[in-house]
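Read the structure below first, then the notes.
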Amino acid sequence: MKQWVYNVMGNKHVPISILAAILVALLSAILIGYMLYKNVETLSIRVAGIEEANKGLRAIVKETLQRLEEVAVRVDSINKKLTNLESSIDTVDRKTQTSIEEIESSMERVLASTKVELQKLAGSIGALKDQLENLKENVARLEESDKTLSTAAASLQQQLSKLEKQIASITDMLATLQQEVTELGRQASFNTEKIAGLEKQLSTMHLMLSSLRQEVAALRDTTTSLAERIDKLNAVSTTANETVTVAENETAAKKLKWLILVYMAADNNLEHYAIKDFNEMEEVGSTSDVAVIVLIDRAKGFDESNGGWTSTRVYFVTRDNDTNIISSKLLIDLGEQSTNDPRLLRWFVENMTARFPARHVLLVLWNHGAGVLGGFAVDMDSRLGGKTMDVVEIANALRGLKVDTIGFDACLMGGYEVAYYLQHVGKIMVASADTEPLEGWPYKDIVEYIASNPDADEAEVAASIVRLYGKSLAESGMPATLVALNLTALQAVNEGIAALSYYVYMQEDVWALARAMDAAVMYPLSDQYMLFLVGAAQYGYIDLYNTLAVAYQLATERTRTVIEQLIAALENAVIASYTNT
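Here the working numbering is used: the first residue of the sequence shown is 1001, the next is one more, and so on.
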């Protein structure tokens, strides 16, 4: 049932719900009005703040406008000053243009003159360098006999290098000056300090050029003196005082068929046998097709024959019927040299092959030898002490030179290891795996064969050396060996040894190889000889071919195939061999 609101008269008037709604609406209107009032009040406060801020902004704008007016005044002042400065610069340019042009012209003349002078100096120094290069070759030969010359040559080289650097520096300075002069002309601006600096640099350059002239003159005098001294040292007289420094005769005038170079490192207890072998070569001597050149270094206290000289000499071997006296033509006396120095070996081969060009070259290395463990060449007067020339040093000394056949008239140099290091140096190696008798190779027979068969190739000559060596020892009964190896066929041997080392890992094969090495032929005196020569105990050398033959009998079937291939490669590499053990 609905409730109704009655008026005081008791009459029914309005429902309660309607009255409540009206009341709520009235309250809402009052609340909205209040909020509007508050918002208006807040806005009034904000407007007041904005007005205050606008006042401050107006003051700032006013101040800024004032400053801009001041800046405009200053800019006007600067413009006036710039106008005056431009006017002054134009005036200075007009006044100094002539001076700049004169300075530029004068400096160009000085630079041109200086360049000409530098070119002359560079030419002089270039000529001096060429002359010095020629002198250095001779100084290298006389390095030990006249250390003063070597020092002087080194000093000359350093001074020339220094002069070259100075000239390069001056040239750079000239280029810089040229650029600066060009820049001066382009800018046409007067710079007193810069011009003074340029003049100072030119003055310094003149002083440097003057000093260079003096140094070049001093170098020219020193070089001339050095050349005269070397000429005197190179001018060697025979017993009749006949100068034969350059024995360029009919033999050297044309290309030879064979050049035999013998490097006799006889500055030790083998000196007597070196004199004997030299005389054997003189029994045949050089011919129009074959030249024999010997470098021999003698010792003190072993053999006083032939004047007893102990220096290092190079001879052109000529025929002589006297088997005791050396009468060949002396090419050069090098003074005391160290024949265990690989640089001397290289000098000998390089210079003689250039002086006596030939179709084939046989190099014989004559001395004590001890294989890959002990090396070659004992020199008792060596500045290098008691060391020998090892196989690697020999290979490096000969690398790049024309040598067809390398022979060792020395003990124990016929091993595979020696051939391995020399395989890229020559075509053929002739050497003994065992010790050699003191008499060594039969040089009369060897030179005679080559002289009688100048068209023989390297293999034929190598085989003949082996045959003649064996023939000379056949009646003596002495144990000896000699082998001629084809170095160009050694690669197959290298590959065979590598294959064998790869396959030998099973116990049976390791045992087979160890037994073979123990049972193989050991050159009987090799261990004792190395003890004497090297001063330390070493294992003796064993025969590789014999070792493989024994191992083949003991190895497994698989490894036998590899050994068989290696034996075939070895047989193919051997040109000729002699064994009397």
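Where a beta carbon is used, it is the ideal one built from N, C-alpha and C, also for glycine.
Beta-carbon within less than 8 Å of residue i's beta-carbon, same chain only, minus the 5 sequence neighbours each way: which residues are those?
i, result
"VAL1550", "ARG1515, ALA1516, ALA1519 and ALA1520"
"THR1318", "GLU1282, GLY1285, SER1286, SER1327, SER1328 and LYS1329"
"MET1478", "PRO1437 and ASN1580"
"ILE1563", "LEU1500, LEU1548, ALA1551, TYR1552 and ALA1555"
"LYS1257", "ASP1289, VAL1290, ALA1358, ARG1359, HIS1360, PRO1454 and ASP1455"
"VAL1574", "VAL1483, ALA1484, LEU1485 and ASN1486"
Under the three-state reduction of DSSP, which class applies to residue i: helix, strand or coil?
i, result
"ARG1346", "helix"
"ASP1361", "It should be pointed out that residue 1361 corresponds to Val in this sequence rather than to Asp. Three-state DSSP puts VAL1361 in a strand."
"ASN1453", "coil"
"MET1506", "coil"
"ALA1516", "helix"
"TYR1469", "helix"
"PHE1408", "strand"
"SER1577", "strand"
"ASP1341", "coil"
"LEU1023", "helix"
"SER1464", "helix"
"ASP1445", "helix"
"GLY1414", "coil"
"GLY1440", "coil"
"PHE1302", "coil"
"ALA1459", "helix"
"LYS1012", "Residue placement at LYS1012 is flagged as unreliable, the pLDDT there being 47, under the threshold of 50; the coordinate-derived value follows with that caveat. Strand, per DSSP."
"THR1353", "helix"
"GLU1282", "helix"
"ASN976", "For the chain, the structure presents residues 1001 to 1581; residue 976 sits outside this window and is missing."
"GLU1475", "coil"
By a C-beta neighbour count over all protein chains shown, 10 Å radius and 16 as the cutoff for buried, is residue i buried or exposed?
i, result
"GLU1393", "buried"
"LYS1471", "exposed"
"ASN1367", "buried"
"THR1481", "buried"
"VAL1510", "exposed"
"LEU1270", "buried"
"LYS1255", "exposed"
"LYS1427", "buried"
"GLY1307", "exposed"
"ASP1322", "exposed"
"ILE1296", "buried"
"VAL1403", "buried"
"TYR1541", "buried"
"MET1429", "buried"
"SER1339", "Note that residue 1339 is Thr in the sequence shown here, rather than Ser. Flag for THR1339 reads buried."
"TYR1505", "exposed"
"ILE1022", "exposed"
"ALA1474", "exposed"
"LEU1566", "buried"
"ILE1275", "buried"
"GLY1371", "buried"
"THR1405", "buried"
Which residues share a DSSP beta bridge with residue i?
i, result
"ARG1313", "ILE1296 and ASP1333"
"LEU1256", "ALA1358"
"ALA1290", "Contrary to the premise, residue 1290 reads as Val rather than Ala in this sequence. The partner list for VAL1290 (beta bridge, DSSP) reads TRP1258."
"ASN1486", "ILE1428"
"ALA1481", "According to the sequence provided, residue 1481 is Thr. The question's Ala does not apply to it. Answer is THR1579."
"ALA1265", "ASP1297"
Could you check how far apart the C-beta atoms of residue i and residue j are, in whole angstroms? I think they sit under 8 Å.
i, j, result
"ILE1326", "GLU1282", "7 Å"
"ARG1298", "ALA1266", "6 Å"
"LEU1362", "VAL1461", "7 Å"
"VAL1425", "LEU1468", "Going by Cβ atoms, the distance from VAL1425 to LEU1468 rounds to 24 Å, so no, they are not a contact pair."
"ILE1293", "MET1352", "5 Å"
"VAL1349", "VAL1391", "Not really, about 16 Å apart at Cβ, beyond 8 Å."
"TYR1443", "GLU1280", "4 Å"
"CYS1411", "GLY1369", "5 Å"
"TYR1586", "LEU1345", "Absent from the structure is residue 1586, since the part of the chain shown begins at 1001 and ends at 1581."
"ASP1277", "GLY1440", "6 Å"
"ALA1576", "ALA1498", "Contact flag wrong, Cβ pair sits at about 26 Å."
By Cβ distance below 7 Å, which residues in the same chain neighbour residue i in space, the five residues on each side in sequence not counted?
i, result
"ALA1247", "Confidence at ALA1247 is low in this model, with a pLDDT of 44, below 50, so its placement is unreliable and no value can be given for it."
"MET1009", "Any reading at MET1009 must be qualified, since the residue scores a pLDDT of 41, below 50, and its modelled position is unreliable; no value is offered."
"TRP1309", "ARG1298"
"HIS1272", "PHE1302 and ASP1303"
"ALA1569", "ALA1492, VAL1493 and GLY1496"
"LYS1387", "ASN1340"
Spatial neighbours of residue i within its chain, please: C-beta separation below 6 Å, excluding the five flanking residues on both sides.
i, result
"SER1432", "GLY1414, THR1481 and LEU1482"
"TYR1416", "LEU1544"
"LEU1513", "VAL1504 and ALA1551"
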